[in-house]
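In the numbering used here, the protein residues as written are 163 to 914. Glycine included, each C-beta is placed from N, C-alpha and C at the ideal position. Just so you know, these numbers come straight off a predicted model, no measurement behind them. Beneath this line is the structure, given in C-alpha cells, with notes to follow.
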C-alpha cells in the first residue's frame, strides 16, 4: 500500500506557508495541517515600512489569498500549541486536542523584544512586529509631534527614516556607540549615523530609556540613563526579537535563545524540523549565536526544511545562514553584507592576526571591504554601492583563494566576476538546492540534444512496456512545468505500487529543452537501455530510450508531434497525471487572440480571455485599459511580454533577439515591477535554439507558468501566462519571431 504522510506545521508566517506550499506541490496526497493562533494570514513583513510611509495599502500586504489553505487542501487550525509529545509524534493544543504527525515543522516565529522600565503600558508606547502594531502607530500619528525610537538595527533605521520623511521630529537612542554591531564596523556605522544627522534626527549615543512618563495614560516624555528628559508623544521600541520557544523547551527539545538545528533544519528530536525566526544561528568563526529575524533567511530555511522533510534536500549544499547575501538600504545608502564583516577576537581555532582586511580606497558616502583568512574570503561589506557584491558571495561560497588578486580586488579596471569565470568557479549559492538540481544542470550543460523535430513542437510520453509486473496501460503524457517524481508514495506524479520501487525512486524534469531522468538514491536502481544510473546522478533521455525502474517495470520514452498521443489511462498499479495547464485560448490570427470580426472563430467559453476589439485594440484579462491598435499591429513582428501589473495598466515589452531580459523589483532590471512580493532580481527570460525560456533566479516567492510553479528553465510558448507576485505577464511569440530568438537580427527591447 502506498505510504501517506501527515505533515504538521506550527505557525502561518512566511516560513510556515512557504513550507506548506512546497510540501503540497511535491506531495499531492499528503495530509498537511497548519496550526497558528495569529489572526492575520501571512503578510510581507519587509513591506510594513512602506505601509507606515503610506506608499501601499493594507490589502497589498497579504502574501497569499484568503483561500490559500482551502485551495491547496491544507487543514488550518486556529489554535495554540502548548506541548509536543516527541515519543508519540503528537502535538498538544490548548483546547485539549492532540494532533498526530509523521513529520513536524516548528515555524512559530518570535515576538518583539521590549524594555524593562516603568511606563510601558502608557498609550503611545509600542513595539513594531505585527500589522496591528503598525495600525496602532498610524492611528496615533495625527496627535504626535516628536517620537523617540530605541534600537540599533535595520528596523529602527527604516522606521526613523520613514517617520522623518513624513515630517515628524525623531530622537534616536542607541545603547552602544555603533549601529547593528553584529554586522557593521565603526566606519560603516559612522557613515549611516552621519546620514541620520543630515536628515535632522536627534541622535543620542550610549543612552537608553530608564523611564517612560505620561499624563492621563498618554506618553508625555522619557527619561534616559544619563538623566536627560525628552518630551515626546510616542515611544517606539525596536530592539530585536525573541523566539517563541517555551512549549518547545518544555517538550525536551534543545534550545538556546532559539531552537538548535543542523544544516538540514533538523532538531535533535526525531522527525521534528524548525525554520524562520524561531531558530538561533551560530557563526562558524566566532561561535556566537544570534537570532536573525529576517525575511530572506526565513524563506530559505523554510525551503530547506520542507525539502528535508520530503527527503529531497541536496545536503551537499546545506543552507548557511552565516553566509547568506544580505542586501538592503541603510538610511538611503545601498548596503550588502556576506559572512563575517568584523575581525573577531581570539577564538578556539583562530587568532585575530589570521585575518586580513582589505578596504577599498575611500570615496564620499561609500565604504567597501573584504575579510580574508589565509587568502580565502570569509566575509564582505559594501555600503553606498553594492555593485559586484555577488561576485564576493561566489568566492566565499566556494572558498576561492583570492591571494593572487588581493591587491586588485577593488581596482576600477579589475572584474572579480570575469576572474572567477576564468578560474571555472561555479555560480554563487543564493539559496538552498533541491536534490538533483546539480546533477540535472550538469547533464543539460554537458550535451545538447534537439527537443523538437522538423515538424514543429513535440510532447513527450512514457509508453509502458507490458511485462508480468506491469499490466498494459495507455501512454502517460509528461509535463514541462512539473517535477515528475516516480515512486510508491501516494501523491507522486507516477505512482508504482510495487515492492521493488522506493518511496521516492526517481524523478523526471524538463530543463533547457531536454527531459532529464534523475535517480533519487533508489534501492533497486533506475536504468536507461539496461544501463544503471549511479545513485543521485542524472541523464538526458533520447527518443525511444527504454527506462526501467526497480525490477521488471519499464517504459519507452517517446517524443511525438503535439496532439498525437493518447492521454487516457486505464486501471492498474501505475497512476499518472499531466500537470500542464494553459490560461489563454488562442487562435490562428497574427496576434493569436479572439477576433469578433472573424466569423470562422468560435467564441471562447472562458470570459476571462483576451479580446481584439473592432478598432484593433486589445483588452487583456485583468487589465484596466486596452492596448492601442497601433501597438497591437506590431505584436506579430517580435516576441513580446505584456505585463498587467497591480494597477491593471498593461505594458508591452519587446524581447531583444539574442539577449536576456531580467524581471524584478530592482531598477537595474529590464522589466521593473514595484511589488513587495517580488524579489529584487526575480526571474529572467532568455533566448534558446527553440525560442525563449524563462527561469526563476532564486526568488523568495517563486514564478508560476499557467498556474504551475516552475523549478527549472521553462520553454515559453505563445499565450503562456506568467505569474510573478501580483503581476500577470502574457508571452506572445508568432512562429517567425520565436524561431529567430537566437538570430543575428538585433531588435532592442523597448517599452511601448
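Whose CA, out of 552, 717 and 322, lies closest to the CA of residue 626?
Per the Cα distances, 717.
So residue 204 and residue 414 are supposed to be a Cβ contact under 8 Å. How far apart are they, rounded?
The pair is not a contact, with the Cβ atoms about 29 Å apart (cut-off 8 Å).
Do you know how far the Cα of residue 180 is from the Cα of residue 297?
Cα-Cα distance, rounded: 25 Å.
Report yes if the C-beta distance between residue 877 and residue 855 is below 7 Å; otherwise report no.
Cβ distance < 7 Å, so residue 877 and residue 855 count as in contact.
For residue 539, does the count of other Cβ atoms within 10 angstroms reach 16, so buried, or fall short, so exposed?
So residue 539 ends up on the buried side.
So for residue 477, helix, strand or coil by DSSP?
Looking at residue 477 - three-state DSSP - the assignment turns out to be coil, as it is neither helix nor strand.
What is the residue span of the beta strand (DSSP E) that residue 535 lies within?
Where residue 535 is concerned, the enclosing beta strand (DSSP E) stretches over 529–535.
Compare the C-alpha of residue 259 against each of 708, 244, 374 and 266 and name the closest.
Ranking 708, 244, 374 and 266 by Cα distance to residue 259 puts 244 first.
So, at 8 Å on beta carbons, what are the nonlocal neighbours of residue 905 in its own chain, with the 5 sequence-adjacent residues on each side left out?
In this predicted model, residue 905 has a pLDDT of only 39, less than 50, meaning its place in the structure is not dependable; the value taken from the coordinates is given anyway. Counting only Cβ-Cβ distances below 8 Å, and skipping sequence neighbours, we find 819 and 820.
Can you tell me the Cα-Cα spacing of residue 286 and residue 376, whole angstroms?
So the alpha carbons of these two residues sit roughly 9 Å apart.
DSSP on residue 439, reduced to helix/strand/coil?
Residue state, collapsed to three classes: helix.
Let me check understanding here. Comparing Cα to Cα, which of 827, 210 and 588 lies closest to residue 886?
Looking at the Cα atoms, 827 is the closest of the given residues.
For the alpha helix (DSSP H) that residue 178 lies in, which residues bound it at each end?
Its alpha helix (DSSP H) spans residues 176–188.
Expressed to the nearest angstrom, what Euclidean distance is found between the alpha-carbon atoms of residue 341 and residue 311?
Spanning the two alpha carbons is a distance of roughly 13 Å.
Between the segment 401–413 and the segment 212–221, do at least 3 Cβ pairs fall closer than 8 Å?
No contact exists between the segment 401–413 and the segment 212–221.
Report the option in 812, 801, 794 and 795 whose CA atom is closest to the CA atom of residue 787.
With distances taken between Cα atoms, residue 787 lies closest to 812.
Going by beta carbon distance, what residues of the same chain come within less than 6 Å of residue 254, once the five residues before and after it are set aside?
So the qualifying residues of the chain are 244, 245 and 260.
Look up residue 680 in the DSSP assignment and say whether it is helix, strand or coil.
In this structure, residue 680 counts as strand in the three-state DSSP scheme.
Who are the Cβ neighbours of residue 206 in its own chain at under 7 Å, not counting the five residues just before and after it?
Cβ within range, chain order: 223, 225, 838 and 839.
Could you check the C-alpha separation between residue 199 and residue 271 for me, to the nearest Å?
Their backbone Cα atoms lie some 12 Å apart in a straight line.
Quick one: residues in its chain with C-beta nearer than 6 Å to the C-beta of residue 501, no 5 flanking neighbours on either side, listed in chain order?
For residue 501, where only same-chain residues beyond five positions count, the Cβ hits under 6 Å are 485, 540, 541 and 558.
Relative to the alpha-carbon of residue 888, which residue among 227, 720 and 185 has its alpha-carbon at the smallest distance?
Answer by Cα proximity: 227.
Helix, strand or coil: how does DSSP classify residue 299 here?
Residue 299: helix per DSSP, three-state reduction.
Please say whether residue 667 and residue 648 have beta carbons closer to each other than 7 Å?
Contact flag set, yes.
Would residue 392 and residue 383 be called neighbours here (beta carbons separated by less than 7 Å)?
It is a contact, given that the beta carbons lie within the stated cut-off.
Which word fits residue 386, buried or exposed, when buried means at least 16 other C-beta atoms lie within 10 angstroms of its C-beta?
Buried, because 16 or more other Cβ atoms sit within 10 Å of the Cβ of residue 386.
Comparing C-alpha positions only, which one of 408, 587 and 431 sits nearest to residue 420?
Ranking 408, 587 and 431 by Cα distance to residue 420 puts 408 first.
Beta-carbon separation of residue 373 and residue 280 under 7 Å?
Yes. Within cutoff.
Within this structure, are the beta carbons of residue 533 and residue 554 separated by less than 7 Å?
No.
Counting along the chain, where does the alpha helix (DSSP H) carrying residue 322 start and finish?
Element bounds for residue 322: 316–327.
Report yes if the CB atom of residue 188 is closer than 7 Å to the CB atom of residue 472, and no otherwise.
Yes, the Cβ-Cβ distance between residue 188 and residue 472 is below 7 Å.
As an exercise, report each continuous alpha helix (DSSP H) stretch of at least 4 residues that is fully enclosed by the segment 783–815, in chain order.
Listed in chain order, the complete alpha helix (DSSP H) runs (minimum 4 residues) inside the segment 783–815 are 791–794.
Just curious, the alpha helix (DSSP H) that residue 587 is in, first and last residue?
Looking at the DSSP string, residue 587 is not in any alpha helix (DSSP H), and its letter there is neither H nor E.
Can you name the residues that DSSP bridges to residue 335?
BP columns for residue 335 point to 312 and 366.
How should residue 521 be labelled, buried or exposed, when 16 other C-beta atoms within 10 angstroms of its C-beta is the threshold for buried?
Exposed, because fewer than 16 other Cβ atoms sit within 10 Å of the Cβ of residue 521.
By how many angstroms is the C-alpha of residue 644 removed from the C-alpha of residue 873?
About 8 Å.
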